[in-house]
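Taking it in order: structure first as structure tokens, then the write-up.
There are 2 protein chains.
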Amino acid sequence: MASLTVENYIKTIFQVCLSGDGQAATGQLASALGVSPGTVTSMLKTLSESNLVTYTPYEGVRLTHAGNALALRVVRRHRLTELFLVKTLNMTWDEVHEEAEHMEHAVSDRLIDRIDEFLGRPEADPHGDPIPRSDGSFEIPASRTLAECGVGDKFRLSRVIDQSPEFLRFLSNSGLPLGTAGQVVANRIEAGIVTVSVEGQETTLGRAAAEKILVTPGR
Amino acid sequence: MASLTVENYIKTIFQVCLSGDGQAATGQLASALGVSPGTVTSMLKTLSESNLVTYTPYEGVRLTHAGNALALRVVRRHRLTELFLVKTLNMTWDEVHEEAEHMEHAVSDRLIDRIDEFLGRPEADPHGDPIPRSDGSFEIPASRTLAECGVGDKFRLSRVIDQSPEFLRFLSNSGLPLGTAGQVVANRIEAGIVTVSVEGQETTLGRAAAEKILVTPGR
DNA sequence: CAGGTAAATTAGGCTGGACTACAATTCCCA
DNA sequence: TGGGAATTGTAGTCCAGCCTAATTTACCTG
Ligand SMILES: [Mn+2]
Ligand SMILES: [Mn+2]
Ligand SMILES: [Mn+2]
Ligand SMILES: [Mn+2]
């Protein structure tokens, strides 16, 4: 059984690898996990001996097949837990991450499978992040950022990259929850602004914000 | 913040004290927690220094006010979690204890309060154990064992002492879930047998089983 | 009331997971 | 292309929780 600490390392390596070049650097892990670089180095040796990662000093670390499977299980527990809390207790998408961060280590895979069934085998969590399936399969739906959209493009808000409670609340308060359908009415790179129309209501976002929002073609 | 280990010690001390003379002995804690007696002794010193218990070597340990408050919070989290799993996922009373045993350390008090509200501020968990309230109050409803009932007594099954999955499943399969109303039709001490009638159906239990079942006056 | 037994404590040791301080490596730019 | 800065790795230390073995205490019984 992997300890809570090991699960957190593996999940973090998974996420850093996904959002980069497929490798995780010691420093990235250290800051993501809130520990010192030396601590990461020694843990990487441990994980390597457990055959969860392949580690090349001064170069980086990547997950083995077993490590990837463990990461997917932890991510699955996290995301299904988040959705479960939203669906049953009406919690909001800015509240659930913190709770799931702890619960992901405490719920059994059996319980998670029941939650999965209860929720009707959902494909995405409250932030639009895809949910790994119990058989270990995992697909990332195609999408682009709102900033990449051209004027006139119709879209559906499918995923949020910046999951800080502040940004999520900003989106909710701006009438932009997950699933929102709308149309881009302006995208001025020089001005660093994207304006969208949602149900007749126009909202203007800064470019940085627009880059944190993923959309699929709408309507 | 109390660690998972500390929470487990405090909860166990609480339970051992309740089911005995108000004191917990080192050996009882060691076997309940599955650790060696020496380990318990050293932890008791730690807990004592944290002012969670008062510890008298060779005599026993009891909870301080702060220790009692912590124990009640852990028990509250455990029991509300159990009931939540039963109500939302239709889990059975023999399945939920194991899950709650882990989740009780992972769910925040804020989340538990929302679960409490969602469930309508229940007074008892799926096993009939009373749920401590968020203000720290805690009452144990009066009851007696089924074995203490006389012939003709009408009862309602209010709580189960032996919470092993096997016993709980036995009760379910015998048509004796929590809340069952019935009547004692025989109680032969010599034979070590108690017979009850539930909805016209008679069931005979051994004395040991009858002592593990608590009832309130029925009808 | 002495001695044996059961329970508890102490002593010493181990592992996982963290830190700091220092040394080595890599990278990047002048 | 050499040297300084940033990054990474190493060494040594600490603490929480656990263990076993040896010792001490308490209790009971003859
Ligand atoms: Mn999350
Ligand atoms: Mn999420
Ligand atoms: Mn339980
Ligand atoms: Mn219970």
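If you're matching them up, the sequences are chains R and C in order. Note that the working numbering has the first sequence beginning at 1, numbered continuously upward. Note that the working numbering has the second sequence beginning at 1001, numbered continuously upward. Every residue, glycine too, gets a C-beta built ideally from N, C-alpha and C. A quick note: this is a predicted structure, and the numbers were derived from the prediction, not measured.
Assuming residue i contacts residue j (C-beta within less than 8 Å), just tell me the rounded distance between them.
i	j	result
V184 (chain R)	G150 (chain R)	7 Å
V1061 (chain C)	Q1023 (chain C)	7 Å
A191 (chain R)	G218 (chain R)	That pair is no contact at about 24 Å.
L44 (chain R)	N8 (chain R)	With a Cβ gap of about 13 Å, L44 (chain R) and N8 (chain R) do not count as contacting.
L63 (chain R)	K87 (chain R)	Not confirmed; about 30 Å, so no contact.
A106 (chain R)	A1106 (chain C)	4 Å
Quick one: what's got a C-beta closer than 6 Å to residue i's C-beta in the same chain, skipping five residues either side?
i	result
G161 (chain R)	Note on residue identity: the sequence assigns Ile, not Gly, to residue 161 (chain R). For I161 (chain R), where only same-chain residues beyond five positions count, the Cβ hits under 6 Å are K212.
E964 (chain C)	Nothing about residue 964 (chain C) can be reported from this structure: the residues present for chain C run from 1001 to 1219 only.
I112 (chain R)	R77, L80
F1084 (chain C)	I1115
T1056 (chain C)	none
P1165 (chain C)	D1094
K1154 (chain C)	Q1183, G1218, R1219
S1048 (chain C)	Y1055
G20 (chain R)	none
G1200 (chain C)	none
M222 (chain R)	Past the edges of chain R, shown from 1 to 219, lies residue 222 (chain R), and the structure says nothing about it.
F170 (chain R)	none
T39 (chain R)	none
K35 (chain R)	Residue identity check: residue 35 (chain R) is Val in the sequence provided, not Lys. Nothing listed; no residue qualifies.
Check whether the Cβ atoms of residue i and residue j sit closer than 7 Å, and answer yes or no.
i	j	result
D1129 (chain C)	R1079 (chain C)	yes
V1075 (chain C)	P1141 (chain C)	no
L1029 (chain C)	T1041 (chain C)	no
T1203 (chain C)	R1156 (chain C)	no
P37 (chain R)	T54 (chain R)	no
W1224 (chain C)	L1168 (chain C)	Any answer about residue 1224 (chain C) is impossible in this case: the structure gives chain C only from 1001 up to 1219.
S143 (chain R)	S158 (chain R)	yes
V1196 (chain C)	G1175 (chain C)	no
R1114 (chain C)	L18 (chain R)	no
Whose C-beta lies closer than 7 Å to the C-beta of residue i among residues of the same chain, with five residues either side of it excluded?
i	result
G136 (chain R)	A69, L72
A147 (chain R)	V194, R207, A210, E211
Q163 (chain R)	H97, H127
N187 (chain R)	C149, G150, V151, V194
T220 (chain R)	One cannot answer for residue 220 (chain R) here, as it falls past the ends of chain R, which runs 1 to 219.
E123 (chain R)	P130, I131
G1179 (chain C)	R1156, L1157
N51 (chain R)	T64, A66
R121 (chain R)	none
So, at 8 Å on beta carbons, what are the nonlocal neighbours of residue i in its own chain, with the 5 sequence-adjacent residues on each side left out?
i	result
E1059 (chain C)	Q1023
I1189 (chain C)	R1207
L1004 (chain C)	H1105
D1109 (chain C)	R1073, R1077, S1134
E1139 (chain C)	P1130
Check your understanding: On the three-pair Cβ rule with 8 Å, is the segment 93-102 of chain R touching the segment 53-71 of chain R?
Key -> Contact between the segment 93-102 of chain R and the segment 53-71 of chain R is absent, with fewer than three C-beta pairs closer than 8 Å.
**Study point:** Cβ-based contacts, 8 Å cut-off: residues of the segment 112-135 of chain R near chain C
**Key:** Going along the segment 112-135 of chain R in chain order, one finds R114, I115, F118 with a Cβ nearer than 8 Å to chain C.
Practice item. Identify each residue in the segment 1092-1107 of chain C for which the Cβ-Cβ distance to at least one residue of chain R is less than 7 Å, and report them in chain order. Key: Those residues of the segment 1092-1107 of chain C that come within reach of chain R (Cβ to Cβ, closer than 7 Å) are E1099, H1102, M1103, H1105, A1106, V1107.
Exercise for review: Taking a Cβ distance cut-off of 9 Å, strictly less, list which residues of the segment 1029-1055 of chain C are near chain R, in chain order.
Suggested key: The residues in question: there are none.
Practice item. Taking only beta carbons into account, state which residues of the segment 7-21 of chain R come closer than 7 Å to chain C, listed in chain order. Key: So nothing in the stretch comes that close.
Check your understanding: Quick one, which residues of the segment 62-89 of chain R are near chain C if we go by CB-CB under 7 Å, in chain order?
Key -> Taking 7 Å as the Cβ-Cβ cut-off against chain C, the residues of the segment 62-89 of chain R that qualify are T88, L89.
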